[in-house]
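Novice: Below you will find the structure I want to go over with you.
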Amino acid sequence: MNTYSHIVNEILAASNIVITAHKSADGDSVGSSLGLLHFIEKLGKDALVCHPDQASDFLDFLNLNRIKTMEHEADKVTTAFQKADLIFCLDYNSTERVGKSMQGMLESASCKKIMIDHHLDPQDFCDIAVSDPSASSTAELIVELIEQSGNGGLLDEQTGTPLYVGILTDTGSFRFNSVKPRTHEILAKLLAAGVQHHLLHEALNDTNTASRLRLQGFAMAEKMEILEENSVAIISLTKEELEKYDYQKGDTDSLANQALSIKGMKAAILLSEKDGIIKLSFRSKGADNPVNQLAATHFDGGGHANAAGGKSELPMPETLVKIKTLVKEFFPVK
């Protein structure tokens, strides 16, 4: 019996299934969670998706009301953990990724836990682990679960739509080097299952608000600094600047990629101040310019080679000085 068939047997044997993902849910964690939920329901079982916090509004079209959050429905999430006899851990490799409010419940849960994830260096906290850093996304692995467990016939538009979104968003619209031939084979299966890919691209890309565009214009025109010798772009946004442009969750998500698109850039870094913490988003190009080590070593973060995140508790000016010093080390002049 392969691992995926074993997972399906665990689903069929469980009575109270909980699906979790990391804090600050992105397209992959939301897409893989909802895709797995629909698959479990097609197996004739029930499940509850429990995330630490609300996903960005740009994913509303995926029916986010199927997701309960600790942020807004703590009682329901707590009860679900207490009753759970099977917990899925999707798109994260350590318990701290779910945030303090859920971490204790996850660690103390005595039921069986299953990890499905594509990040490096997973912690050993699950009974069954599908950990494949070569996969483009966790959503890709959920499709593998459905196909390789012999349940490919259950893959339809409802299940495939969030999984397509998960792959699309975690590969930068299929531009990252994580995309392999198998990724396109899986995308073909999703299209054959009825996924309306052109509508999903519209839903993801045609969602701007006037305030978001003004914030992005301000960031690019006034707050972007290019370290020419190192080929690195840095954008910093303070709490006051975000408030001035009526910042909503998700409004800055594309800024690092926009800066990275500048000709000749090796990397781009976005710093944004929220709740007394400086959040950092790192993006880079190519195998020779990884940013996950920079995030992990110096900013209590991590992620993929070309897309990572971290945080700083220093004030913005001091964090900027630290970043610029580290850029010279990680992206030396050649």
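In our numbering, the protein residues as written are 105 to 438.
Where a beta carbon is used, it is the ideal one built from N, C-alpha and C, also for glycine.
To the nearest whole angstrom, what separates the beta carbons of residue 155 and residue 124, a pair I think is in contact under 8 Å?
Specialist: That belief holds up - the Cβ atoms of residue 155 and residue 124 are roughly 7 Å apart, short of 8 Å.
Novice: Please classify residue 460: is it buried, with 16 or more other beta-carbons within 10 angstroms of its beta-carbon, or exposed?
Specialist: Look at the range of the chain in this structure, 105 to 438, and you will see that residue 460 is not part of it.
Novice: Using 8 Å as the threshold, is the C-beta distance between residue 386 and residue 412 below it?
Specialist: Going by C-beta atoms, residue 386 is nearer than 8 Å to residue 412.
Novice: Is the beta carbon of residue 215 less than 8 Å from the beta carbon of residue 232?
Specialist: In this structure, residue 232 does not lie closer than 8 Å to residue 215 by Cβ.
Novice: Would you kindly work out how many angstroms separate the C-alpha atoms of residue 389 and residue 254, rounded to a whole number?
Specialist: Going by the C-alpha atoms only, they are around 37 Å apart.
Novice: Among the residues of its own chain, which have a CB less than 8 Å from the CB of residue 360, if the five just before and after it don't count?
Specialist: 339, 372, 373, 374, 385, 386, 387.
Novice: Between the alpha carbons of residue 170 and residue 259, how many angstroms are there, rounded?
Specialist: Taking the straight line joining both Cα atoms gives about 19 Å.
Novice: What does residue 413 pair with, by DSSP beta-bridge criteria?
Specialist: Note: residue 413 sits in a beta bridge opposite 385, 406.
Novice: Could you tell me the boundaries of the beta strand (DSSP E) in which residue 377 lies?
Specialist: From DSSP, the beta strand (DSSP E) with residue 377 extends over 371 to 378.
Novice: Sorted by chain position, which residues of the same chain lie with C-beta nearer than 8 Å to residue 364's C-beta, five sequence neighbours on each side aside?
Specialist: Hits under 8 Å: 337, 371, 372, 387, 388, 389.
Novice: Mind checking who residue 192 pairs with in its DSSP beta bridge?
Specialist: 123, 218.
Novice: Our contact map puts residue 206 next to residue 174 with C-beta atoms below 8 Å; I'd like the distance itself, whole angstroms only.
Specialist: Yes, residue 206 and residue 174 are in contact; Cβ-Cβ is about 5 Å, under 8 Å.
Novice: Mind pulling the alpha helix (DSSP H) runs of 4 or more residues that sit fully within the segment 132 to 192?
Specialist: Taking only runs of at least 4 residues, the alpha helix (DSSP H) segments lying wholly in the segment 132 to 192 are 178 to 187.
Novice: Which stretch, first to last residue, makes up the beta strand (DSSP E) that contains residue 232?
Specialist: Segment 232 to 235, the beta strand (DSSP E) holding residue 232.
Novice: Taking 8 Å as the cut-off, decide whether the C-beta atoms of residue 241 and residue 194 are in contact.
Specialist: Their beta carbons are not under 8 Å apart, which means residue 241 does not touch residue 194 by this criterion.
Novice: For residue 128, does the three-state DSSP call read helix, strand or coil?
Specialist: Here residue 128 sits in coil by DSSP.
Novice: Pull up the distance between the alpha-carbon of residue 283 and that of residue 420, whole angstroms please.
Specialist: C-alpha separation (whole angstroms): 35 Å.
Novice: Pull up the DSSP beta-bridge partners for residue 337, would you.
Specialist: Answer by DSSP bridge pairing, in chain order: 330, 372.
Novice: May I ask you to report which of helix, strand or coil DSSP gives residue 223?
Specialist: Coil at residue 223, not helix or strand.
Novice: Rounded to whole angstroms, what's the CA-CA distance from residue 138 to residue 262? Just pull it up for me.
Specialist: Cα-Cα distance, rounded: 9 Å.
Novice: Nearest to residue 213 by CA position, among 425, 150, 186, is which residue?
Specialist: Checking every option, the nearest Cα to that of residue 213 belongs to 186.
Novice: With residue 107 and residue 234 assumed to form a contact (beta carbons below 8 Å), what rounded beta-carbon distance in angstroms separates them?
Specialist: Between residue 234 and residue 107 the Cβ distance is about 6 Å, and since that is below 8 Å, they are a contact.
Novice: Please classify residue 398 as buried or exposed, where buried requires at least 16 neighbouring CB atoms within 10 angstroms.
Specialist: Residue 398 should be labelled buried.
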